[in-house]
Amino acid sequence: MTSLADLPIRDDLRGKSPYGAPQKPVRIALNVNENTHEVPAEVIAHVAAAVERELHGVNRYPDREFTLLREHLAGYLTAATQSRGSTAPDISPDQIWAANGSNEVIQHILQAFGGPGRRVLGFPPTYSMHSIIAAGTGTEWVSAERDADFLLSPETAVAAVRRVDPDVVFLCAPNNPTGTPLGLDTIAAVYEASRGIVMVDEAYAEFMPVGQPDALSLLPGRERLVVSRTMSKAFAFAGARLGYLAADPAVIDALRLVRLPYHLSALTQAAAVAALEHAPTMLRTVGAIRDQRDRLLIELARLGYAPHDSWANFVLFGNVSDPQRTFEQLLEHDILIRDVGLANHLRVTAGTPAETTEFLDVLARLSR
Numbered sequence: 042m043t044s045l046a047d048l049p050i051r052d053d054l055r056g057k058s059p060y061g062a063p064q065k066p067v068r069i070a071l072n073v074n075e076n077t078h079e080v081p082a083e084v085i086a087h088v089a090a091a092v093e094r095e096l097h098g099v100n101r102y103p104d105r106e107f108t109l110l111r112e113h114l115a116g117y118l119t120a121a122t123q124s125r126g127s128t129a130p131d132i133s134p135d136q137i138w139a140a141n142g143s144n145e146v147i148q149h150i151l152q153a154f155g156g157p158g159r160r161v162l163g164f165p166p167t168y169s170m171h172s173i174i175a176a177g178t179g180t181e182w183v184s185a186e187r188d189a190d191f192l193l194s195p196e197t198a199v200a201a202v203r204r205v206d207p208d209v210v211f212l213c214a215p216n217n218p219t220g221t222p223l224g225l226d227t228i229a230a231v232y233e234a235s236r237g238i239v240m241v242d243e244a245y246a247e248f249m250p251v252g253q254p255d256a257l258s259l260l261p262g263r264e265r266l267v268v269s270r271t272m273s274k275a276f277a278f279a280g281a282r283l284g285y286l287a288a289d290p291a292v293i294d295a296l297r298l299v300r301l302p303y304h305l306s307a308l309t310q311a312a313a314v315a316a317l318e319h320a321p322t323m324l325r326t327v328g329a330i331r332d333q334r335d336r337l338l339i340e341l342a343r344l345g346y347a348p349h350d351s352w353a354n355f356v357l358f359g360n361v362s363d364p365q366r367t368f369e370q371l372l373e374h375d376i377l378i379r380d381v382g383l384a385n386h387l388r389v390t391a392g393t394p395a396e397t398t399e400f401l402d403v404l405a406r407l408s409r
């Protein structure tokens, strides 16, 4: 049988592994940071009606500029940023880009601003797809150290930027897979020290503390700053695959150069617009998820583990003597969490109250 090694694959891709979060049929899945709450019935009906209307014209190509969707995303981000106390100007539709999940958004960024002969700087442990997409676009991935407890100070980040001189810098706020916060002072300092694109991945922004300013507030006057978001997490819309970013309109023009024609289907656009029209309803579970995350922080510590502070919808916890054994024991109880490859650590998504309770009860019976 032919193997991958037998094919004329690019030399720089040989020996690499694809992204591979476990996919197992379990009763309690707390491994990929999904929103474990279902979409409300009223929203499902609204989305279904919007998609049905769009089907009548599905013989035609979709709006390749996804005009209506950009208007709704701009309105959502403006309202969300202002609710956090930002005095920044409104975000306009010409500052918005969207694609099939935030991964495709990241791919567009590296296609436009990375590529062969260019380098992107990241700070592991961080979102694994950043380096995978870098490899796929022929962009050199350069890693730099974090501070203690997976934090990243302005001084540490700026020193790395000056040493590497990257064409693109990737930051995660809050960080994935650690959940740790990233200060706006670090983002601003990295921008000032850089000559290229600075992308802040804010996939979990809605789960940050209420009133905490986000990276969108830094956009005015920073034409090389890009802030990416997703509807997969807080919006409970992971299966719909809709990621987006906000940036200077010139950055959006650059992304048009590399996107495939009609990259967002008419059905995706219709579903996302319908969901955004019910944004308050869709986000109703955010507070409940924060509560379960904070409960995990308290209870995991009580059980003798060492959870790291999290502003996301998951908790990374250390002091696990045998992560693989603990992972398998939980799986035997139909509970799937995530081994992210950090020594003596595991990660768990904040689920429903019942899911969190069962996870903690089972974990309490296992040897640490």
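According to our numbering, the residues represented by the sequence shown are 42 to 409, in order. Backbone N, C-alpha and C define an ideal beta-carbon position, used for all residues, glycine too. Note that the structure is predicted; figures quoted are calculated from it, not measured.
query	result
Every unbroken beta strand (DSSP E) within the segment 284-324, with a cutoff of 3 residues, ordered by chain	284-288
Check whether Ile132 and Leu110 have beta carbons under 7 Å apart	no
Ordered list of alpha helix (DSSP H) runs contained in the segment 193-228, each at least 4 residues	195-205
First and last residue of the uninterrupted alpha helix (DSSP H) at Phe154	Gly142 to Phe154
Limits of the alpha helix (DSSP H) - the one that Thr390 falls within	Unbroken run through Thr390 is the beta strand (DSSP E), Leu387 to Thr390; no alpha helix (DSSP H).
Touch test, the segment 293-310 against the segment 360-376, Cβ-Cβ under 8 Å, three pairs minimum	no
Val183 - partner residues in DSSP beta bridges	Leu162
Buried or exposed (CB count within 10 angstroms, at least 16 for buried), Ile339	exposed
Integer-rounded CB distance, given that Ile330 should sit under 8 Å from Asn354	5 Å
Residues that Gly359 bridges to, as DSSP identifies them	Ala347
Reference Ala201, options Thr43, Ala405, Leu162 and Ser143, closest by Cα	Leu162
Between the CA atoms of Leu96 and Ser172 - distance to the nearest angstrom	37 Å
Proximity below 7 Å, CB of Leu286 to CB of Ser258	no
Selection from Leu341, Asp335 and Asp363 that minimises the alpha carbon distance to Ser351	Asp335
For Leu260, three-class secondary structure by DSSP	coil
Proximity of Ala153 and Val381 at Cβ, strictly below 7 Å	no
Where Leu48 falls: helix, strand or coil (DSSP)	coil
Cut-off 6 Å between Cβ atoms - residues of its own chain near Asp363, not counting five sequence neighbours on either side	none
Whole-number beta carbon distance between Pro215 and Ser127, since they are thought to touch under 8 Å	Not a contact, Cβ separation roughly 18 Å.
Cutoff 8 Å; reference Ala176; Cβ partners in own chain excluding five residues on either side	Asp53, Leu54, Lys57 and Trp182
Residue range of the beta strand (DSSP E) that includes Val267	Leu266 to Thr271
CB of Ile137 within 7 Å of CB of Ala120, strictly	no
Backbone secondary structure at Val239 - three-state DSSP	strand
Identified DSSP bridge partners for Trp138	Leu286
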